[in-house]
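*Asks:*
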Amino acid sequence: MTTKLMGQKVQRVEDQRFLRGNGRYVDDVAVEGGTLHAAVLRSPHAHARILDIDVEAVLDLEGVHAVFTWDDLASCTPQMAEPLPLLIPHPALTHGRTQYALAKDEVNYVGEAIAFVVADDRYIAEDAVGRIRVDYEFLPPVVGIDAARAATSLVHDDVPGNIGARLEQNVGDAPAAIAQAPHRLELDLTVERSACMPMEGRGTVARWDPDLNRLQLWTSTQSSTGVRAAVAVKMGLDLGQVDVITPDVGGGFGVKINHPWPEELLVPMAAKALGRTVKFTEDRREHFISSAHERGQVQHIEVGFDDDGRLLGLDVEFWHDHGAYTPYGLIVPIITSTQLLGPYKPQNYKVVFESLYTNTVIVTPYRGAGRPQGCYAMERTMDAIAAYLGKDRAEVRAVNFIQPDEFPYDQGLIFQDGRELEYDSGDYPAMLEKTKALVGWDEFPAFKAEMAAQGRQVGIGLACYVEGTGVGPYEGAHVHIETSGKVKVATGLTTQGQGHATVFAQLVADELGVKFEDVEVVTGDTRRMPYAVGTFASRAAVMSGSAIHLAAKRAKEKALKIAAEALEADEKDLQIVDGVVSVKGSPGTSIDLGTVSVLSNPLRYAFDEASKAATQFSVGDPGKPPVPEDDEPGLEGKDFYSPERATFASGMHAVIVETDPETAEITILKYAVVHDCGHLINPMIVEGQIHGGVAQGVGGALYERMAYDESGQLLNASFMDFLMPYVTEVPDGIDIDHLETPSPLNPLGIKGAGEAGVIPSAAVFAAAIEDAEGTLHPGMGITAMPISPSELYALRQSHDGKNS
Amino acid sequence: MEELHDVRLSVNGHTHEIRVPARRLLSDALRHDLRLTGTHVGCEHGVCGACTILVDGAPTRACLMFAVSAQGSEITTVEGLTRPDGSLGPVQQAFMECHGLQCGFCTPGFLTTITAGLRDNPTPTHDEARDMVAGNLCRCTGYQNIVKAVERAAEIAGEEAAS
Amino acid sequence: MKPAPFAYRRPGTIAEAVEALAGEPNAKVLAGGQSLVPLLSMRLAAPATLVDINGIPGLDTITVLPESENGGGVRVGALARHAAVLASDDVRRVQPLVPLALSHVAHATIRNRGTTVGSLVHADAAAEMPVVLSLLGGSVEVEGPAGRRTIPASELYVGPLESSLHHDEIAVSAFFPALAPGAGVAFEEIARRHGDYALVGAAALVDGAPGDGQSVKVGYLSVSDVPTVVDLSGVADDELGEAALAQLDPAEDIHASAAYRAQLVRVLTARVVRSARVFRQAQRPEEL
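Chains as they are written, first to last, in our numbering: chain A, 1 to 804; chain B, 805 to 967; chain C, 968 to 1255.
Below, the structure written as structure tokens:
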């Protein structure tokens, strides 16, 4: 019997291509001569009315083919001149606004697209962009949450208070419970903006085929079916006229789930208008100022608790900076407000948020998608309770855990998918024990004392989270066994480095009984699987993995049925091993899947030796139709997976840091992760996801921020000044341990793993730094993240000043 | 009309003649004129290292050179790291074994940098292995497996040299 | 992020290069290009002509000068790459501060192409080499239509990213004086990320036997608009930082407040002076 591949550290099949330089990213498509290149004129001002756009100087520039402004959009279709879609409407989003593909009358952030130039190459296109003259009437910019709340100026004239949405959820009566609680605390916390910052920016290539009257679009997206639908609607095409292909994607981390970007509409529009292939490849500066950011929130927390630190009531109010527009609705703040609860039972919970407009880049999900902020609020609260009661921080957490016998556990809230927030499985006490052991929690006080004796400050932090993964509505899969015996698998969601071609092939090989190397997986190509949602919310393995498993099962059922007939055996007695169907116990009686595939498709015409076996004078019962009424030709299986609700992964991180008493530099000494994503399909890939998440978390906690000035200029829109970690900034080694509590919601018992590594970072670093600083600056709280040495130094100065 | 220059580029042992404006970045010339799209462009200001190639053996940012300045130099891109028989070189093999890549976009720059690094220092210590990749950004892997791959590549190359 | 168009000249001699510069008021020299090309690609600079000196033979030399010439030292040619200077045993022997500082210049890949002389005349006060040249009292030799002249470091840096070279002059080499037998040096910097421009960096040069008569000078990068050297001779050990700050006015930017920079000046001043003394002592065991 072949070894099961599920759970094995199988090496990735896609690596061969990448390692040879044969990856195919969107800018690698259509490198032949004749492709035209686009550049975009972007607003240099955060808030202004556009009085006039003069493109005269561009038109006579050699090599320029076209320049488009908003005035030109309606010539494509009326809807092209309408605002971009609001992808996820919500009743609470009473004042949702989206931008136009090219600005009409007003710009609301530095970077907003104003004009679109198509030229022979990108160099000339940029020359042309530099020649366009725009007259602006400046409007007061609203930058930052404080300015948005003050609402002295408005981002949009018709949005009072700059409030796009206000949403409140209640479980029990938190204010009353807090009022009656033996102990009460209040916390005010902030988190700044960061961004996904994939190494490959956005990019789109479009080719209009006038002979077939079809559009072919390559785009670096996390939702090819979403782009396809949006492009078809905006360009007035039938869905069947539009093919969207997502080639290799150089990282997404969330930013590429938003769609359609203006360029995803402008590129095909120009390709159709000009009859030429058109390419837009975003450069790094553009990615900073015209894609999306995330994380910026201000939080106010009130909590009531008993002598053991048990929560009695939790009342959270927060303000979420969503930037200039709301194309992705309220997903991020809804996730913060619900996932904040983590593994705990708050008893009574009230949460209310306001989602606010500012004259800055839009905010859409970034890996974690609001969970890091929620985890930060909850875990800082746990630390504050422990400090107040003088208790061990792990103990306070433990008394609040949902217990293993309490699943499914309904938190009583509505989650981001409109479904109930009901946890399916988990074992938080066991996880805490593993985490404490892994990081050396109980041994730490002795180490800390030893360091303190040397004048060194070290601290430890712990943070726990629960993550709803694998949200619906659905994913689908198609499994096709060719007459060669090779298995072709297609699923519609896209891949940005998660190794889908490997893990999905593992699942198919296991279920179908074929060799791993005979399975080929295609993702994100609407020609192969037109029904799909996208890659976000740690859902690919859960959703497409389950769908692929089900589709493979169907293909197997059909294969066994045909083989049973051919071998004159009972289906129940058959097995498939390495692509060969045989009768259990008599291996001589067998037929390979390629031949089964031949037999599955009754033929009139033979075209090779194999197909002869399926022609009309060779097979079939003359008394029956060649294809039975309840069947169809071909050895294929297709299925969809659509779960009732999300499945809930969980994890705990612990970190030990050292802070320099003189320079306030922060050094990571140890980083430990315990993670539960149910059954692991490929532990190598899961650990890789955790490594990447932790590194992004280090960036978000200690290095990365979007430095806007008061006028709305982003001062650090380059890799020189936006400080993504190099190897020298990440821990040298990350200790990982797994817990596997399978999900009862899907056939494989799996949960998502992609985002987890980044969720607890702000919380765990704040805790560890606060603990370290306690040596020389007792009582100094860390309430704003990220934190730089300069800020830590300032904090010490003001804390010591107050206390001296 | 912008002046064009005839440039002869020697890449991975092959000579190519192209006609480009002086401002054509070497990264664009490799990708779009020679269609060697394995060299990737991540920032175009010399920080990320995705476009790192070897110029006369030395790791160099292709986005910080003009094609016209590269005349007369011997250039190696990621496409040139695969062995003549089509098999993967030691650094490529090690990346595969150690899961040193995810989306693959930054990978070519790491592979060229490490290839030169191990040539100059075939038996790096752990700290030297980390230092070897300290000028390249990766957003996916958190670098853990990249460092392992440096160490594994040194092992593979050492075993090959011994056999 | 593509450069604006420019005319390209690739002279074969320095004289031709000077001629090319003189003929075009808006021309720039391209040597390593590691600072210039990003500025061009971001269109923060758009020279009409680029004079690429990479084809001029003989400019990549690193030469040790005997004591008879300027008291001895190393002369680094305009095309000597940082990596070559850093790897040079001669440089390390004659003036160890140069490699100490060079190892902090960006990342290895940038050092493979970037030139030391180019970095000196780029005149970035956040860069390592201008401070080293200033602290050591080195100089840059330049050639223009009127011939060659030597600009001492003290006259080279006139403002932010501004040197005293005329637009039609080319820096052909830099001279770093040798470390005197009784002297010691040290370099340290603190950056956000390894390889970034320093938040503050300091280089120290101590000369003479320990005690009040010892000359103590410290140069700072990323503190002022221009590389700044402060004389701390005779200052008590525990007052070094404050004495330095009395002559400095640290600035604020998005990475560090002025107060934090001042703190780093205090910390680094003490550290580099201590290290320079240890360095000196290590070479003179007979004093112990």
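Glycine is no exception: its CB is placed at the ideal position from the N, C-alpha and C atoms.
Just so it is clear, the structure is predicted and the values come from calculations on it, not from any experiment.
Could you tell me whether any Cβ in chain B is nearer than 8 Å to the Cβ of F516 (chain A)?
*Replies:* No, F516 (chain A) lies away from the interface with chain B (no Cβ there is under 8 Å from its Cβ).
*Asks:* Hey, is the stretch 192-202 of chain A in contact with the stretch 453-469 of chain A, meaning 3+ C-beta pairs nearer than 8 Å?
*Replies:* Touching, no.
*Asks:* Identify every run of the alpha helix (DSSP H) within the stretch 672-755 of chain A, keeping only runs that are complete inside it and at least 4 residues long; order them along the chain.
*Replies:* Here the runs fully enclosed are 683-698.
*Asks:* Give, in chain order, every unbroken run of the beta strand (DSSP E) that is at least 3 residues long and sits entirely within the stretch 1151-1198 of chain C.
*Replies:* Taking only runs of at least 3 residues, the beta strand (DSSP E) segments lying wholly in the stretch 1151-1198 of chain C are 1165-1174, 1182-1188 and 1195-1198.
*Asks:* Less than 8 Å between the C-beta atoms of L1172 (chain C) and V1152 (chain C), yes or no?
*Replies:* It is a contact, given that the beta carbons lie within the stated cut-off.
*Asks:* Taking 8 Å as the threshold (C-beta atoms), are V1065 (chain C) and V1109 (chain C) in contact?
*Replies:* No, Cβ-Cβ distance for V1109 (chain C) and V1065 (chain C) is not below 8 Å.
*Asks:* Looking at chain A, which residues of the stretch 1224-1236 of chain C have a Cβ within less than 9 Å of any of its Cβ atoms?
*Replies:* Hits within the stretch, in order: S1224, A1226, Y1227, R1228, Q1230, L1231, R1233, V1234 and L1235.
*Asks:* Note down, in chain order, all residues in the stretch 470-498 of chain A with a beta-carbon under 8 Å from any beta-carbon belonging to chain B.
*Replies:* Within the stretch 470-498 of chain A, the residues whose Cβ lies closer than 8 Å to some Cβ of chain B are Q496, G497 and Q498, listed in chain order.
*Asks:* Please list, in chain order, all residues of the same chain as Q79 (chain A) whose beta carbon is under 6 Å from its beta carbon, the five residues on each side excluded.
*Replies:* Taken in chain order, the residues that qualify are K234.
*Asks:* For L805 (chain A), collect the residues of the same chain with a Cβ closer than 7 Å to its Cβ; drop the 5 residues on either side in sequence, then sort them by chain order.
*Replies:* Shown here, chain A extends from 1 to 804; a query on residue 805 (chain A) therefore has no answer.
*Asks:* Less than 8 Å separating the beta-carbons of F116 (chain A) and A292 (chain A)?
*Replies:* In this structure, A292 (chain A) does not lie closer than 8 Å to F116 (chain A) by Cβ.
*Asks:* How would you list, in chain order, the residues of chain A whose beta-carbon sits under 9 Å from the beta-carbon of L915 (chain B)?
*Replies:* Chain A residues near L915 (chain B): L19 and G21.
*Asks:* Buried or exposed: where does N1021 (chain C) fall if 16 or more other Cβ atoms within 10 Å of its Cβ makes it buried?
*Replies:* Answer is buried; the Cβ neighbour count reaches 16.
*Asks:* What beta strand (DSSP E) runs, 3 residues minimum, are completely inside the stretch 164-223 of chain A?
*Replies:* Whole beta strand (DSSP E) segments, 3+ residues: 183-191, 203-209 and 214-219.
*Asks:* Just the C-alpha distance for L217 (chain A) and T523 (chain A), rounded to the nearest angstrom, thanks.
*Replies:* So the two alpha carbons sit approximately 15 Å from each other.
*Asks:* Please tell me whether V1234 (chain C) and T663 (chain A) are closer than 8 Å, where the distance is taken between their beta carbons.
*Replies:* Yes, the Cβ-Cβ distance between V1234 (chain C) and T663 (chain A) is below 8 Å.
*Asks:* Please return the same chain residues whose Cβ sits closer than 8 Å to the Cβ of N993 (chain C), not counting the five positions on each side in sequence.
*Replies:* Around N993 (chain C): P1014, A1015 and T1016.
*Asks:* Under a Cβ-count criterion, where at least 16 other Cβ atoms within 10 Å of its own Cβ denotes burial, should N949 (chain B) be classed as buried or exposed?
*Replies:* By the neighbour-count rule (16 or more Cβ atoms within 10 Å), N949 (chain B) is buried.
*Asks:* Check the C-beta distance from V619 (chain A) over to L599 (chain A) and give it rounded, since I have them as a contact under 8 Å.
*Replies:* V619 (chain A) to L599 (chain A), Cβ: 6 Å. Contact.
*Asks:* Name the chain A residues that come within less than 9 Å of T1157 (chain C), Cβ to Cβ?
*Replies:* Position check: residue 1157 (chain C) holds Ile in this sequence, whereas Thr was assumed. Neighbours of I1157 (chain C) on chain A, chain order: T663, E665 and P789.
*Asks:* Would DSSP call R24 (chain A) helix, strand or coil?
*Replies:* R24 (chain A): coil per DSSP, three-state reduction.
*Asks:* Taking a cut of 7 Å between CB atoms, which residues from the stretch 878-891 of chain B lie near chain A?
*Replies:* Under the 7 Å Cβ criterion, the stretch 878-891 of chain B contributes T881, V882, E883 and T886.
*Asks:* In chain C, which residues lie less than 8 Å from R285 (chain A) when you measure between Cβ atoms?
*Replies:* Result: M968 and M1009.
*Asks:* Could you say if the stretch 270-283 of chain A and the stretch 161-177 of chain A meet the contact criterion of at least three C-beta pairs nearer than 8 Å?
*Replies:* Flag = no, the stretch 270-283 of chain A and the stretch 161-177 of chain A do not touch.
*Asks:* Between the C-alpha atoms of Y25 (chain A) and D15 (chain A), what's the straight-line distance to the nearest angstrom?
*Replies:* Each residue's alpha carbon lies about 14 Å from the other.
*Asks:* Which chain C residues are close to R122 (chain A), counting only those with a beta carbon under 7 Å from its beta carbon?
*Replies:* Within chain C, the residues near R122 (chain A) are K969.
*Asks:* Excluding the five sequence neighbours on either side, which residues of its own chain have a C-beta within less than 8 Å of the C-beta of N803 (chain A), listed in chain order?
*Replies:* Closer than 8 Å at the Cβ level, and outside the excluded window around N803 (chain A), lie G779.
*Asks:* What three-state label does DSSP hand W441 (chain A) in the structure shown?
*Replies:* Of the three classes helix, strand and coil, the one that applies to W441 (chain A) here is coil, per DSSP.
*Asks:* Closer than 8 Å is the cut-off here; do at least three beta carbon pairs connect the stretch 353-372 of chain A with the stretch 383-396 of chain A?
*Replies:* The stretch 353-372 of chain A vs the stretch 383-396 of chain A: no contact.
*Asks:* When the cut-off is 8 Å and only beta carbons count, does A874 (chain B) lie next to chain A?
*Replies:* Chain A, which has no Cβ nearer than 8 Å to the Cβ of A874 (chain B), makes this no.
*Asks:* Decide if L239 (chain A) is buried, meaning its Cβ has at least 16 other Cβ atoms within 10 Å, or exposed.
*Replies:* When all chains shown are included, L239 (chain A) counts as exposed.
*Asks:* Does the Cβ of V1196 (chain C) have 16 or more other Cβ atoms within 10 Å, making it buried, or fewer, making it exposed?
*Replies:* The residue is buried, with at least 16 neighbouring Cβ atoms inside 10 Å.
*Asks:* A1147 (chain C) and D1179 (chain C): beta carbons closer than 8 Å?
*Replies:* Result no, Cβ atoms of A1147 (chain C) and D1179 (chain C) do not sit closer than 8 Å.
*Asks:* Thinking C-alpha only, which one of A:R456, A:V514, A:H480 and A:D157 is nearest D592 (chain A)?
*Replies:* The residue with the shortest Cα to Cα distance from D592 (chain A) is A:V514.
*Asks:* Tell me which same chain residues have a C-beta within less than 6 Å of the C-beta of D120 (chain A), skipping the five on either side of it?
*Replies:* For D120 (chain A), where only same-chain residues beyond five positions count, the Cβ hits under 6 Å are G63.
*Asks:* Should T491 (chain A) and S544 (chain A) be called a contact, given that it needs their Cβ atoms to be closer than 8 Å?
*Replies:* Closer than 8 Å, so yes.
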